[in-house]
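Presented below is the structure to which this report refers.
Numbering (my numbering), first residue to last: 210 to 341.
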């Protein structure tokens, strides 16, 4: 049943996951339920696309990050074709630029820093992944 969902309801992110997997050679791979976990040899940022989780070196042993990424997989199952515009792209932009820009702005204004996981995409992934 899960594979039917992945190749219909979750098709865009499933195709992206296969493309990423074609170019990334994992150091270690394991299965966590319906999720394929790949420990990859890059330094920054882990990511989840469909049922594939790519964990960067600094997150290999971090169970909370893995559960967070599994939360993104669950978002994918819930949102289907809407996952990439509602979660995927905003999450990527938040990770690459938004979080740092928000904190630089808040620092100039004398405000406290924003937690990375306070952004809606990340907060929801934590909830679905059982991190919170």
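Heads up, the beta-carbon is just placed ideally off N, CA and C, and yes, glycines get one too. The model shown is predicted, which means the values in this text are computed figures rather than measured ones.
- Counting along the chain, the unbroken beta strand (DSSP E) around residue 257 starts and ends at 256-258.
- Three or more Cβ pairs closer than 8 Å define a contact, and the region 288-301 meets that threshold against the region 214-228.
- Separation of residue 288 and residue 320 (C-alpha to C-alpha, rounded to the nearest whole angstrom) is 34 Å.
- Here residue 260 is near residue 244, since their CB atoms are less than 8 Å apart.
- Going by beta carbons, residue 334 and residue 280 fall inside the 8 Å limit.
- Under the three-state reduction of DSSP output, residue 216 falls in the coil class, being neither helix nor strand.
- Residue range 272-288 is occupied by the alpha helix (DSSP H) that includes residue 274.
- Just measuring C-alpha positions, the residue of 232, 250, 229, 263 sitting nearest residue 240 is 263.
- In the DSSP assignment, residue 314 falls within the unbroken alpha helix (DSSP H) covering 308-317.
- By the 16-neighbour rule on beta-carbons within 10 angstroms, residue 215 is buried.
- Annotated as distal: residue 210 and residue 229, with beta-carbon spacing of 8 Å or more.
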